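To start, the structure under review is shown below, and the notes come after it.
Residue numbers (this note's numbering): 201 to 585.
So this is what it looks like as structure tokens:
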């Protein structure tokens, strides 16, 4: 299958998740005037993934039909999102249950699908560069579609569009090969224990997982820090959205660049260098030389996130035997999503220290993520299989 074919599956599914978490709070305000409920529904969309990740990963490792599972996950996500579009018209409890069900299926494609990308796209580096591109496209296009739909119609329409995107991604799986990974026959419990043991005890994967998780703790706080900085220096929160958009656009441009010309350095160095560059540029962006300075530097920092993400995905694949590979991807993705949520909460609680200091602290977290990779065992070769 072509690179365009893989993107036709991965991008709509990931776009749906990125857009839904933005649309739910807007619809909660539009339909019920309840900001708190919107936040709870957005959390309900994300929280189940960390609990479901080990089970989903073990299931993908063992299944003979991964394509059907990923398609089914897309259908559940589409249905759950469509039900959520009727918030205010259906009982809130029904909407909440539908959002939780959709959230529980996201590890199939927010992590799990990545373990199969080399089945579809030749060349490991190019494959994971394209996979990183699909994540970036989803994170930019999803919220952008929601913003446009909410402005022209309503967040209800936006959620219907997110459901259509998930349905399109599920349908596109019919065009893929997605062969089984070849896990050893064993019980589900034994398979999950083997995967978690590999994540915790196998040093290369443990280091990559810890570094990738910590980086998202910083990234999760960026939106809060940007709003705090804008309010502090300009007097309104409006510039905060521009700063966050610059970071997202930088990430997208970086992903496009490496998909056309992948980086040719050891992936652990590529991951660490990307995290360090993002962190250092973020620290410098905190200097008060005007909002244009902060916006430009944060945008530049985003350029390096794609190469580090692609390298992280490649390392997960290279350092995991087929029997636990999907678990490594799903658990890693779940930890990163949880870390981002915690980072946002911590940034909100720490907003009193000032936006500039918050931005600088986020940069320090990125640099700390890079330093963690110094513990990666030198000379580690890819695991065969």
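Don't be surprised by glycine CBs; every beta carbon is placed ideally from N, CA and C.
Remember, predicted model here, so these are calculated numbers, not experimental data.
Nearest neighbour of residue 276, chosen from 290, 446, 323 and 368 [CA to CA]
For residue 276, the nearest C-alpha among the options comes from 368.
Please confirm if residue 341 has its CB atom under 7 Å from at least one CB of chain B.
Of the chains in the structure shown, none is chain B; there is only one protein chain.
With C-beta atoms as the reference, is residue 533 less than 7 Å away from residue 311?
Yes, these two residues count as a Cβ contact at 7 Å.
Could you tell me the distance, in whole angstroms, from the CA atom of residue 429 to the CA atom of residue 554?
Separation of residue 429 and residue 554 (C-alpha to C-alpha, rounded to the nearest whole angstrom) is 7 Å.
Taking contact to mean 3 or more Cβ pairs, one atom from each stretch, closer than 8 Å, check whether the segment 278 to 294 and the segment 334 to 350 are in contact.
Verdict: no, contact absent.
What is the residue span of the alpha helix (DSSP H) that residue 254 lies within?
Where residue 254 is concerned, the enclosing alpha helix (DSSP H) starts and stops at 248 to 262.
Name the two residues that bound the continuous alpha helix (DSSP H) containing residue 618.
The shown model of the chain, from 201 to 585, leaves out residue 618, and the question about it has no answer.
How would you write the range of the alpha helix (DSSP H) that residue 398 sits in, first residue to last?
Start and end: 388 to 401.
Could you check the C-alpha separation between residue 493 and residue 387 for me, to the nearest Å?
Taking the straight line joining both Cα atoms gives about 55 Å.
Using the rule of at least 16 other Cβ atoms within 10 Å of the residue's Cβ for burial, across every protein chain shown, is residue 487 buried or exposed?
Residue 487 is exposed by the Cβ-count criterion.
Let me confirm a value: residue 265 is counted as buried when at least 16 other C-beta atoms fall within 10 Å, else exposed. Which label applies?
For residue 265, the number of other beta carbons within 10 angstroms of its own is below 16, and it is reported as exposed.
Just checking my contact of residue 509 with residue 330 at CB under 8 Å: how many whole Å lie between their CB atoms?
Between residue 509 and residue 330, the beta carbon gap of about 12 Å keeps them out of contact (Cβ cut-off 8 Å).
Between the Cα of residue 558 and the Cα atoms of 482, 270 and 216, which residue gives the shortest distance?
Looking at the Cα atoms, 482 is the closest of the given residues.
Helix, strand or coil for residue 279 per DSSP?
In the three-state DSSP reduction, residue 279 falls in the helix class (H, G or I).
If I follow the unbroken alpha helix (DSSP H) through residue 424, where does it start and stop?
It spans 422 to 433 - the alpha helix (DSSP H) in which residue 424 sits, taken as one unbroken run.
Going by CA-CA distance only, name the one from 442, 241 and 203 that's closest to residue 375.
When the alpha-carbon of residue 375 is set against those of 442, 241 and 203, the nearest one is in 203.
Within 8 Å, do at least three Cβ pairs link the segment 538 to 545 to the segment 267 to 275?
The segment 267 to 275 is not in contact with the segment 538 to 545.
Helix, strand or coil for residue 287, going by three-state DSSP, please let me know.
In this structure, residue 287 counts as strand in the three-state DSSP scheme.
Reduced DSSP secondary structure (H/G/I, E/B, other) of residue 463:
Residue 463: coil per DSSP, three-state reduction.
Residue from 478, 372 and 353 with nearest C-alpha to residue 211:
Checked all of 478, 372 and 353; the closest Cα to residue 211 is 372.
Alpha carbon to alpha carbon, how far is residue 401 from residue 395?
Rounded to the nearest angstrom, the two C-alpha atoms are 10 Å apart.
Nearest-angstrom Cα distance between residue 172 and residue 263?
For residue 172 there is no data in the structure shown, the boundaries of the chain being 201 and 585.
Residue 489 burial status per 10 Å Cβ neighbour count (16 or more: buried):
Residue 489 is exposed by the Cβ-count criterion.
Please tell me whether residue 468 and residue 576 are closer than 7 Å, where the distance is taken between their beta carbons.
In contact: residue 468 and residue 576 (Cβ atoms closer than 7 Å).
Can you tell me the Cβ-Cβ gap for residue 408 and residue 515, rounded? I've got them flagged as a contact below 8 Å.
Yes, they are in contact, since the Cβ atoms of residue 408 and residue 515 sit about 5 Å apart, within 8 Å.
Looking at the unbroken alpha helix (DSSP H) that takes in residue 501, where does it start and where does it end?
From DSSP, the alpha helix (DSSP H) with residue 501 extends over 491 to 503.
Inspect the CB distances between the segment 219 to 228 and the segment 349 to 368 and report whether three or more fall short of 8 Å.
Under the 8 Å Cβ criterion, the segment 219 to 228 counts as touching the segment 349 to 368, having at least three qualifying pairs.
Would you kindly work out how many angstroms separate the C-alpha atoms of residue 404 and residue 551, rounded to a whole number?
For residue 404 and residue 551, the gap between their C-alpha atoms comes out near 35 Å.
For residue 300, which residues of its own chain have a beta-carbon under 6 Å away from its beta-carbon, when the five flanking residues on both sides are left out?
Only residues of its own chain outside the window of five on either side were considered, and among them 244 and 248 have a CB closer than 6 Å to the CB of residue 300, listed in chain order.
Look at the alpha carbon of residue 326 and the alpha carbon of residue 258, and state the distance between them as a whole number of angstroms.
Using only the alpha carbons, I get a separation of about 26 Å.
Residues near residue 234 in its chain [Cβ-Cβ closer than 6 Å; skip 5 each side]
Excluding sequence neighbours, residue 234 sits near 228.
Note the first and the last residue of the continuous alpha helix (DSSP H) segment covering residue 553.
Residue 553 -> no alpha helix (DSSP H), and no H or E assigned at all.
Take residue 205 as the anchor and find which of 291, 317 and 505 has the nearest alpha-carbon.
Comparing Cα positions, the closest option is 317.
If you run the structure through DSSP and keep just helix, strand and coil, what is residue 479?
Residue state, collapsed to three classes: helix.
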